[in-house]
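First residue of the sequence shown? That's 559 in the working numbering, and the numbers climb one at a time after it.
Below you'll find the structure, written out as structure tokens, and then a few comments.
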Amino acid sequence: MKHSLVKRENQQSLISRMRYFLLILLFIFTQASWAQSSAVQGTVTDSNGDPLPGVNVVIKGTTNGTVTDLDGKFNLNAGSEDVLVFSFVGFMSQEIPVNGQSEINVTLADDTSDLDEFVVVGYGIQRKSDLTGSISSIKSEELTRLPVSDVTQSLQGRVSGVQITSNSGAPGSGATVRIRGVGTLNNSNPLFVVDGMLLDNIDFLNPNDVESMEVLKDASATAIYGSRGANGVIIVTTRQGDFDTETRISVDAYTGVQQVARQIDLVNGRQFAELANELEQNVGNQPIYTPSEFGEGTNWQDQIFRTAPVNNITLGASGGNKNTSFNLSVNYFDQKGVVKESEFERLTIRLNNQYKLADAVTFGHNFSFIYNNQQNEPGVVGNAYRAYPIFDPINEAGDYTNTSPVGNPVAQFEYNSNNRNHSYRGVGNFFADVKFLKDFTFRSNLGLDLAFRDGKSFTPVYFVSPTQQNLENSISVSNGRSRNILWENTLNYLKEWDDHRLNLLGGITTQSFYTESLSGGRRNLPGEDPSLWYLSAGDLTSQTNSNTAGDWAMLSFLFRANYTFKDKFLVTGTFRRDGSSRFGRENRFGNFPSIALGYRLIEEGFMQDQSIFSDLKIRGSWGIIGNDKIAFYEGRPVVTGNQNAVFGQNEELLYGATLTRLANPFIQWEETVTSNFGLEFGLLDDRLIGELDYYYRRTNDILVGVPIPSYVGASNNPVVNAASVENSGLDLTLNWRDSKGDFNYNFGIVASTVNNKVLDIGEGNEAIFGGAVGISGLLGSRTIVGESIGHYFGYKTAGVFQNEEQLNTIPTRGPEVPGDLIFEDTNGDGVVNNNDRVILGSPIPDLIFGFNLGFDFRGIDFSADFNGTLGNEIYNSKKQVRFNTYNFETSFLDRWTGEGTSTTEPRVTNGGHNYEVSDRFIEDGSFLRLRNVQVGYTFPAATLEKIRVQNFRLYVSGTNLFTLTNYSGYTPEIGGGNVLGTGYDSGIYPIARTINVGVSANF
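What follows is the structure in structure tokens.
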């Protein structure tokens, strides 16, 4: 019976070597930490000589630091070559070299303009006060609180206008990112830019490597990326070392346990027997069970779920001399899944260096190598939901129980878990900066993204039941590779004189992408030992294979001008011209301009004598941005192979190839016209700061298939630029930060509304349907003009037929009987049919929100993050799909059993009238979740000085501790990439609740 998952020896060896490697690095880093340092003390005062408590005193380039006490005094262990950074809300920051000093006294000047804060923008940085676009910035300390493998999940509830939805709770799973709604019927994912490299995902990043993330939301911010910016842009800046600083060693590690946050309420054994008997009686059969023979039975969810560990460690080193700076990090992330036989491991090595070749010439690179090892669970979640609770996993003979009509979930672990995927990826860039003529900087940037993937799946011979068996063993192997090369050359001009500040940027970029995959399979291997898990060991006559490839290329020209007058009047103009191989020759190039204006009212004379506003700015932008995320060859005819047929007297199989898809060489860019109006303000010396934006986006020329007659012989509807969609709404960000003596506290809130409407879907299309629910081709989503994309569409219920009299007086769809659902005759024609289907809800929330709070007091710190949505619905498709008799959710206990017994839940049946697409399966998807809570303690500098440690912090954190929702499934977060059919829960991998203990130290 035993065919357990075989852990291959070379994988064990690799993991062991990685762990030994990390231990060796930790030892080396620890030894290196015994560098010469000494205590530095002093007092910080304001311009009136009064002491300032709560001032942040940090060693530049590190997270090591302290805060001043009630008397404005501080004590910090620092090296002679260190630079101390003093910062406090409402005051100008100062940087002071230690230079061997043991006492440093500082006076901070008032600062209400915040002019010296910089934000990363496309192809450069910009003063925050000069920004005319809508940009949100998240710093590293906010990104590392969550134990996630995908850093985008750390943005959840932290940035207005951004919705992050976990695709699954499986180890290593990613998230769906939507910035200001869904603006296309095609791919709505944003563009990611990591240290200048343009990418489609950032699931490889170690969160500890990230210095900041900027989310670009309007045309003024994204137009510099032209055709890539219609869905928003997320810029990631990784950590860098500093010149002329001694080496700093850091260790960040946590370990934790994960559990399923909630289980689905399913009936027990006795209840199942009662419902199954009723079902048989409702179709004219005799009862088949004696309910009193069964008790609670088997909770199959308990059989597949487990308490699973998660571990993460990052070792880092940074520093530099006069001509070189470096930042090195090694990260190992290991997450076992809460579903058995699922896990994810990742090893990441990053090296960011800069070299001063001359006073005006700098060369550098930011590069990371990533190795992933992932095992996928064998699809047991759906079977655990449907399996009969009256069965035990193992029968009296010690074999796996026949649990037909579904497979035995425990047996699946035994026989279907030999499924692993590996990937090797190198991502980074090499750049050179040359400064000349005082105000000019030329940069050449070469970006690379090289990836290799392989997977192998073996299924042994086994027999559990006629519906769960495999008579011949089989092997499947897959390999893939991709190459993404980017070369950018830009020239920057920056000039400040009198009341003027001018920044000009021009450049030319080119990017090419290639991907290829190869897969094959064979059956009937001579044995089941892992040494035989190769294609050549299988039966030649059973072989299958596939080999596909694709490529695209782009050439771009870009220009941007930023002008500031008297730090008051702001102008930004951007233009980009993109040419893509995805389009035909006639429409290969597209132009993407934008213009933005800003006015800093706080600089006006009439604002100088008031004490309420510390900052006040209004801004507005307009621009056109594009979307190139379409199939590679929509504009070209493509030959399809394996069009085979038997011809001739000998009935020979002849191989053929032909054009099966109709191409449209005249397709052109999808264009999004965006307007944004924003207000930025600071109140009470910037203790309260906020931003309010109104946005309007209209996407025109969306590619959509146009119906053609079937006699044409094409396998697809040719695409044309025909559809149009608009999004509008408000984004709000508020942050309060203040100090009372040693007590520092903060509170923040983000909220966004999204109004989505389809304006056109092309000639010949009355509606576009999506969202397959798995029964007779039923589709639960519809997209039409005047409504939101992918709204739910079906019958509205009006109760349950109680008797024959109601059947004779209320319009029916036929043939209903007492106990069946009443579908509303919405058009009043006396008949219930497809014309009575109506909009049942939308997966798009009316409101996306998040809030956070925190404090620190004499080394103790606390933070909590919440996020949620309001106004969205979820389609519970797992409840609807019943091809046979399966287990029941507890909602079936409220079923109709006779007149007056229920007006909401119909009689028990499998399929038929009661399983049409209707609001019976629509549930409220609104929720409020405690995303993360963390409590930490940072040891005093005086204590750490004795052991030559600069900073040491211990913390405990909890993730997904509770969720308030009316949804009955595992989680109200239902992700997915298909915008035409989202929000369908067909049995998602559950989200885990996690408790972690961690440490952060610097030497």
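Just so it is clear, CB atoms sit at the ideal spot from N, CA and C, and this is done for glycine as well.
How do the region 1313-1321 and the region 1358-1375 stand: do at least 3 beta-carbon pairs fall below 8 Å, yes or no? No: the two stretches stay apart, fewer than three of their Cβ pairs being nearer than 8 Å.
Using beta-carbon positions only, say whether leucine 1337 and phenylalanine 1327 come within less than 7 Å of one another. Annotated as proximal: leucine 1337 and phenylalanine 1327, with beta-carbon spacing under 7 Å.
From Arg1453, Val613, Leu1250, pick the residue whose C-alpha is nearest to that of glycine 630; which is it? Cα-wise, what sits closest to glycine 630 is Val613.
I'd like the list of long-range same chain contacts for alanine 942, defined as Cβ closer than 6 Å, with 5 residues on each side in sequence excluded. Trp858, Gln859, Ile862, Pro967, listed in sequence order.
Mind checking lysine 898: buried by the 16 CB within 10 Å criterion, or exposed? Of the residues assessed, lysine 898 falls on the buried side of the cut-off, its CB having 16 or more other CB atoms within 10 angstroms.
Let me make sure I understand the geometry here. Which of Leu1242, Ala1203, Phe1235, Val1231 has the alpha-carbon closest to that of serine 1172? Closest by alpha carbon: Leu1242.
Out of Val1491, Ser1339, Lys1504, Val641, which one is the CA nearest neighbour of valine 1555? Distance check between valine 1555 and each of Val1491, Ser1339, Lys1504, Val641 places Val1491 closest, using alpha-carbon atoms only.
Using CA atoms only, rank isn't needed, just tell me which of Lys996, Glu935, Phe1010, Asn835 is closest to asparagine 976. Of the candidates Lys996, Glu935, Phe1010, Asn835, the one whose C-alpha sits nearest the C-alpha of asparagine 976 is Glu935.
What distance in whole Å lies between the Cβ atoms of threonine 1073 and arginine 1001, which are believed to be in contact at a cut-off of 8 Å? The Cβ separation is near 28 Å, so there is no contact.
Are there three or more Cβ pairs, one per stretch, closer than 8 Å when the region 788-795 is compared with the region 906-916? Verdict: no, contact absent.
Any alpha helix (DSSP H) of 4 or more consecutive residues that is wholly inside the region 927-953: List check, alpha helix (DSSP H) in window: 938-944.
For asparagine 633, which residues in the same chain have their Cβ closer than 8 Å to its Cβ, ignoring the five residues on either side in sequence? Hits under 8 Å: Ala597, Val598, Gln599, Thr624, Ala1499, Ala1500.
Going by beta carbon distance, what residues of the same chain come within less than 6 Å of tyrosine 1444, once the five residues before and after it are set aside? Contacts found: Arg944.
Kindly confirm or deny that the region 736-753 and the region 1273-1287 touch, where touching means at least three C-beta pairs closer than 8 Å. Yes: at least three Cβ pairs fall under 8 Å.
Measuring alpha carbon to alpha carbon, tell me which of Asn885, Thr1132, Asn1304 ends up nearest phenylalanine 1415. Measuring C-alpha to C-alpha distances from phenylalanine 1415 to each of Asn885, Thr1132, Asn1304 identifies Asn1304 as the nearest.
Our contact map puts isoleucine 1080 next to leucine 1063 with C-beta atoms below 8 Å; I'd like the distance itself, whole angstroms only. For the sequence presented, residue 1080 should be read as arginine rather than isoleucine. About 56 Å separates the two Cβ atoms, so there is no contact after all.
Could you compute how far the alpha carbon of glycine 1108 sits from the alpha carbon of isoleucine 1532? Looking at the backbone, the Cα of glycine 1108 and that of isoleucine 1532 are separated by about 30 Å.
Quick check: what's the CA-CA separation for glutamine 1026 versus serine 1032? Approximately 15 Å, taken between the alpha carbons.
Alpha-carbon to alpha-carbon, serine 1400 and arginine 1453: Taking the Cα positions, arginine 1453 is about 27 Å away from serine 1400.
Can you grab the Cα-Cα spacing for the pair glutamine 570 / isoleucine 871, in whole Å? Because glutamine 570 carries a pLDDT of 46, less than 50, the predicted location of this residue cannot be relied on, and the following value inherits that uncertainty. Answer to the nearest angstrom: the Cα atoms are 19 Å apart.
Give the straight-line distance between the Cα atoms of valine 985 and arginine 904, rounded to the nearest whole angstrom. Approximately 15 Å, taken between the alpha carbons.
7 Å CB neighbourhood of arginine 678 in its chain, flanking five on each side removed: Per the sequence shown, the amino acid found at residue 678 is valine instead of arginine. In the same chain as valine 678, and ignoring 5 residues on each side of it, the C-beta atoms closer than 7 Å to its own belong to Ser770, Glu772, Ile793, Thr795, in chain order.
May I have a chain-ordered list of the beta strand (DSSP E) segments no shorter than 3 residues that lie completely inside the region 1297-1374? Runs of the beta strand (DSSP E) lying entirely within the region 1297-1374, each at least 3 residues long, are 1301-1311, 1313-1319, 1326-1330, 1337-1341, 1349-1352, 1355-1358 in chain order.
Give the straight-line distance between the Cα atoms of threonine 961 and phenylalanine 971, rounded to the nearest whole angstrom. Spanning the two alpha carbons is a distance of roughly 14 Å.
Please report the distance separating the alpha-carbon of valine 616 from that of arginine 1487. About 33 Å.
Check whether the region 884-897 and the region 843-853 touch, using three or more Cβ-Cβ pairs below 8 Å as the test. Contact annotation: the region 884-897 does not touch the region 843-853, with fewer than three C-beta pairs closer than 8 Å.
Going by beta-carbon coordinates alone, are lysine 1175 and glutamate 1238 separated by less than 7 Å? In contact: lysine 1175 and glutamate 1238 (Cβ atoms closer than 7 Å).
Could you check if tyrosine 1213 is buried or exposed, using at least 16 other CB atoms within 10 Å of its CB as the buried criterion? Around the beta carbon of tyrosine 1213, fewer than 16 other beta carbons sit within 10 angstroms, so the residue counts as exposed.
When burial is assigned at 16 or more other CB atoms within 10 Å of the CB, is tryptophan 1055 buried or exposed? Answer is exposed; the Cβ neighbour count stays below 16.
Using alpha carbons as the reference points, say which of His1058, Trp1091, Asp1300, Glu700 lies closest to serine 1034. Closest by C-alpha distance to serine 1034, out of His1058, Trp1091, Asp1300, Glu700, is Trp1091.
Take phenylalanine 579 and list the residues in its own chain whose beta-carbon comes closer than 7 Å to its own, dropping the five residues that flank it on each side. Residue placement at phenylalanine 579 is flagged as unreliable, the pLDDT there being 45, under the threshold of 50; the coordinate-derived value follows with that caveat. Result list for phenylalanine 579: empty, nothing under 7 Å.
Looking at the C-beta of tyrosine 1525, does it have a partner C-beta in chain D at a distance below 7 Å? As a matter of chain content, chain D is missing from the structure shown, which is built from one protein chain.
Alpha-carbon spacing of isoleucine 822 relative to proline 729, whole angstroms: Straight-line spacing of the CA atoms in isoleucine 822 and proline 729 works out to 20 Å.
Shortest alpha-carbon distance to valine 1197 belongs to which of Ala1189, Val809, Leu1220? If we check each option's Cα against that of valine 1197, Leu1220 comes out closest.
Can you list, in chain order, the stretches of the alpha helix (DSSP H) that have 4 or more residues and sit fully within the region 1487-1515? Taking only runs of at least 4 residues, the alpha helix (DSSP H) segments lying wholly in the region 1487-1515 are 1499-1503.
Cβ distance (whole Å) where serine 1563 is taken to contact serine 1179 below 8 Å: Beyond the ends of the chain as shown, which are 559 and 1561, falls residue 1563; an answer cannot be given.
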